[in-house]
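**Student:**
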Amino acid sequence: MDNHDIRTLKILEEIDNDHVPSQRDLAVKLNISLGLVNSFIKRLANKGYFKITSVPKNRVRYILTPKGAAEKARLTYEYIQYSYRFYKNVREKLKIILKDLEKNGIRKVVFYGAGDFAEITYISLQETALKLLSVYDNKKSGEYFLDMEIKNVSSLNPNDFDRLIITKIGLKEDLINEIVGKGVNRKKIVFVDWK
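Right under this line is the structure:
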């Protein structure tokens, strides 16, 4: 499933809700430009997935058509399959990596990143003797990951753990360089190729 299909699904989901989303709202939710949203709206309306009607002046309402509902159902099914395959693939990779760490005497780990990927890593960690000590993520500092308070990377002490597992999705070298900049030896960093 590519970004185009995911964006189409998100737009159809928003249109199917009871509220009337503006194109600006859609751009923020999808994290894309307003012009790109406008292009998507026009293309999807031309395909007959929804009708555009005018509500009071300068306001539009999108009404999902049966064809649009069928496309939304198809894309939802594809998205669920894609998510399941992604989850299964990542769990297999993590199982190998974590068992290898365990076999090499590693016991104490920390996570760098507190999103969905961290949750999958945490689940995989439960099948090993590895212990999660802390979770670091500057954008979520002060919030909670499961029952742990998420810490700011500035408080990272390289002597407190055996390995740091990057559980943040981003460019590999950028993430590694940021952590190395905090005094962590590259050999202590574990990066999981989640693709």
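Sequential numbering of the sequence shown, starting at -19, is according to the numbering used here. Using N, Cα and C, we set each Cβ at its ideal position, and we do this for glycine too.
Leaving out the 5 sequence neighbours to the left and right, which residues in its chain are closer than 6 Å to T33 when beta-carbon positions are compared?
**Tutor:** R41
**Student:** Between which residues of its own chain and D31 is the CB-CB distance below 8 Å, once the five residues before and five after are set aside?
**Tutor:** What sits at residue 31 in the sequence shown is Lys, not Asp. Only A25, Y42, I43, T45 meet the Cβ criterion.
**Student:** From the DSSP output, read off the bridge partner residues of S34.
**Tutor:** V40
**Student:** Rounded to whole angstroms, what is the Cα-Cα separation between Y124 and V160?
**Tutor:** Rounded to the nearest whole angstrom, the C-alpha separation of Y124 and V160 is 24 Å.
**Student:** Quick one: is I60 buried, meaning 16 or more other Cβ sit within 10 Å of its Cβ, or exposed?
**Tutor:** exposed
**Student:** Around the C-beta of L126, are 16 or more other C-beta atoms found within 10 angstroms, so that it is buried, or is it exposed?
**Tutor:** exposed
**Student:** What is the rounded straight-line gap between the Cα of K111 and the Cα of N(-3)?
**Tutor:** Between K111 and N(-3), the C-alpha separation is close to 42 Å.
**Student:** Can you tell me whether A98 is buried or exposed? The criterion is at least 16 other CB atoms within 10 Å of its CB, across all chains shown.
**Tutor:** buried
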